[in-house]
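J.: First the structure, which I've put down as structure tokens, then a few questions once you've had a look.
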Amino acid sequence: MKILVTVKRVVDFNVKIRVKADGSGVELANVKMSMNPFDEISVEEALRLKEAGKASEVVVVSIGPAKAEETLRTALAMGADRAILVETEDQVEPLTVAKIVKGVAEAEQPGLIIVGKQAIDDDSNQTGQMLSALLGWAQGTFASKVELGDGKVNVTREVDGGLQTVELKLPAVVTTDLRLNEPRYASLPNIMKAKKKPLDKKSPADFGVDTAPRLKVLKTEEPSGRKAGIKVKSVAELVEKLKSEAGVL
Ligand code: AMP
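Heads up, the final residue of the sequence shown is numbered 266 in our numbering, and it's a clean run with no missing numbers.
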């Protein structure tokens with residue numbers, strides 16, 4: 018069985034985000050970019066399933082600028098077999114991504130698609146759900162455990178009240194949460210080998226998808242800074258301040 022994994026190139030999680038002066042978005046020039054952390058978890062999970070003999074091939078796909086090839090090469094260095102880059106000039110919205118990945122899935126016929134729960138740049142948390150709806154496949158979102166069986170997959174989901182386990186018929190879409198696994202680092206020899214692994218280039222038009230945005234960003238603002246705290250000399254003073262100043266007691 019083939020597993021398809023989506024990987025997005027995003028601003029590295031260590032970078033301090035700066036909003037553009039005109040408020041139209043965040044500054045991307047000369048900023049370190051990396052694979053979305055949830056997508057690293059997805060790649061890791063797919064590789065573990067392959068290593069356990071439950072999958073035969075791991076294919077990674079990214080939709081984005083030519084530089085997204087670097088992100089795909091990282092996934093290949095981790096151990097993925099093959100990559101597909103769907104090149105776009107513009108930023109793509111979750112619905113556009115879902116439509117393109119649907120086209121890739123129709124061509125590749127995977128048994129399972131693993132998608133990150135959310136991209137840390139737009140925090141949409143929409144792509145996996147939209148993809149499953151467009152394909153008409155079952156979905157198991159926010160997975161902290163994935164057990165592949167014969168024609169089915171059991172997904173343990175992180176929900177507000179604790180954990181919920183659902184059984185899905187394959188093919189299915191799973192979205193990954195933080196506690197699913199700890200992704201491996203790519204070793205230097207594997208980074209070298211990844212340069213020679215197959216990477217196919219496609220365009221949204223190959224899947225009949227129009228990338229024109231449906232959403233309009235009205236404004237982008239920095240979060241307001243935190244006020245400085247104060248030190249108190251005793252518990253009594255703390256309780257007094259919580260009562261009289263913070264009004265929380
Ligand atoms: P989002 O719905 O934007 O929060 O993204 C959720 C997940 O969808 C990400 O973790 C990726 O796995 C996938 N995804 C979103 N945008 C892209 C993209 N441009 N290329 C590849 N995968 C993407």
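Backbone N, C-alpha and C define an ideal beta-carbon position, used for all residues, glycine too.
For V170 versus G157, is the C-beta spacing smaller than 9 Å?
T.: Start at 1 with the first residue of the sequence shown, and residue 170 comes out as number 153. Start at 1 with the first residue of the sequence shown, and residue 157 comes out as number 140. Against a cut-off of 9 Å, the Cβ pair of G157 and V170 comes out as a contact.
J.: Taking the alpha helix (DSSP H) that V58 belongs to, which residues open and close that run?
T.: Along the sequence shown, read from residue 1 onward, the residue named residue 58 stands at position 41. Per the sequence presented here, residue 58 reads as Ile, with Val not at that position. 54-68 is the extent of the alpha helix (DSSP H) around I58.
J.: Restricting to runs no shorter than 4 residues, where is the alpha helix (DSSP H) found entirely within the stretch 129-185?
T.: 144-152
J.: Are at least three pairs of beta-carbons, each pair with one atom in the stretch 85-96 and one in the stretch 50-60, less than 8 Å apart?
T.: yes
J.: Kindly indicate which residue of D140, N47, T182, A97 has the alpha-carbon position closest to the one of N207.
T.: One-based indexing of the sequence shown puts residue 207 at position 190. Of the candidates D140, N47, T182, A97, the one whose C-alpha sits nearest the C-alpha of N207 is A97.
J.: Give me the Cα-Cα distance between E74 and P111, rounded to the nearest whole angstrom.
T.: Here residue 74 corresponds to residue number 57 of the sequence shown, with the count starting at 1. Here residue 111 corresponds to residue number 94 of the sequence shown, with the count starting at 1. For E74 and P111, the distance between alpha carbons rounds to 25 Å.
J.: Quick check: the Cα distance between T228 and T192, rounded to an integer number of angstroms?
T.: Taking the sequence shown and counting its residues from 1, one reaches residue 228 at position 211. Taking the sequence shown and counting its residues from 1, one reaches residue 192 at position 175. Rounded to the nearest angstrom, the two C-alpha atoms are 23 Å apart.
J.: Less than 9 Å between the beta carbons of L148 and A122, yes or no?
T.: Start at 1 with the first residue of the sequence shown, and residue 148 comes out as number 131. Start at 1 with the first residue of the sequence shown, and residue 122 comes out as number 105. Yes. Within cutoff.
J.: If we count the other Cβ atoms within 10 Å of its Cβ and call it buried at 16 or more, is R26 buried or exposed?
T.: The sequence position of residue 26 within the sequence shown is 9, counting from 1. R26 should be labelled buried.
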